[in-house]
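Inspection log for the structure reproduced underneath, given as structure tokens.
Numbering (this note's numbering), first residue to last: 64 to 303.
Following this line, the structure appears as structure tokens:
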């Protein structure tokens with residue numbers, strides 16, 4: 064069985080840690096991961112694939128307000144682990160942490176999450192590939208081969224245990240950001256702390272490929288739907 068998780072931040076202002084005004088309007092696309100999961104679930108239904116797949120979409124809007132989460136807040140996640148919020152613009156990983164923990168109730172063999180998670184991933188890979196992290200090299204190799212075949216490329220980044228030290232907090236189990244260096248990876252390492260036991264897990268950071276601010280490689284401006292063909296093909300191949 065498999066669980067697909069999609070980050071669904073319907074608008075991301077950054078919250079109290081407010082983003083720059085330029086280009087902020089594109090942050091309505093911070094739910095591209097959620098849209099991908101909904102697209103895959105629709106494809107699985109229409110293709111009538113005989114496979115158990117659960118789609119989870121944690122959804123929220125990230126806005127500054129009198130009740131907004133603040134830098135320095137410590138929150139207790141669904142797993143019981145505590146997180147010091149160092150930057151409120153690292154909000155998607157907080158949603159995904161709870162959804163990944165929730166996924167355990169379905170006893171999944173495979174968990175794949177899709178998220179427009181970090182600007183750092185766009186710095187690393189531009190608009191040509193999603194950043195891929197996980198705990199199962201064979202699964203990552205499989206997704207890499209499918210991605211090349213269907214034109215939705217994914218590229219593996221490491222999630223070494225040493226990166227966990229970047230997220231050290233004086234007051235909580237984790238901080239929600241790991242500083243300037245390795246930002247795409249430290250986000251993945253954060254998520255790794257919440258995945259269901261025994262599940263093969265892959266995290267796809269689609270920040271650079273989920274939405275195009277201008278026409279690119281034959282794709283029109285706007286949302287690309289990245290991941291729908293990749294994941295649907297993967298699920299079809301499991302049945303072969």
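Idealized CB from N, CA, C, for every residue including glycine. For clarity, every value in this text was computed on a predicted model and none was experimentally measured.
Asked: Residue 114 beta carbon less than 9 Å from that of residue 120; Found: no
Asked: Neighbourhood of residue 257 by C-beta, 6 Å cutoff - its chain only, sequence neighbours within 5 removed; Found: 142, 160, 163 and 164
Asked: The region 280-293 contacting the region 212-223, beta-carbon criterion three pairs below 8 Å; Found: yes
Asked: Status (buried if at least 16 other CB within 10 Å, exposed otherwise) for residue 175; Found: buried
Asked: Beta-bridge partners of residue 75, as assigned by DSSP; Found: 125
Asked: Burial state of residue 244 (16 or more Cβ within 10 Å); Found: exposed
Asked: Distance CB(residue 173)-CB(residue 66) smaller than 9 Å; Found: yes
Asked: As assigned by DSSP and simplified to three states, the class of residue 276; Found: coil
Asked: Residue 70 versus residue 268: straight-line alpha-carbon distance, rounded; Found: 10 Å
Asked: Own chain, CB closer than 7 Å to residue 112, minus 5 neighbours either side, in chain order; Found: 298, 299 and 302
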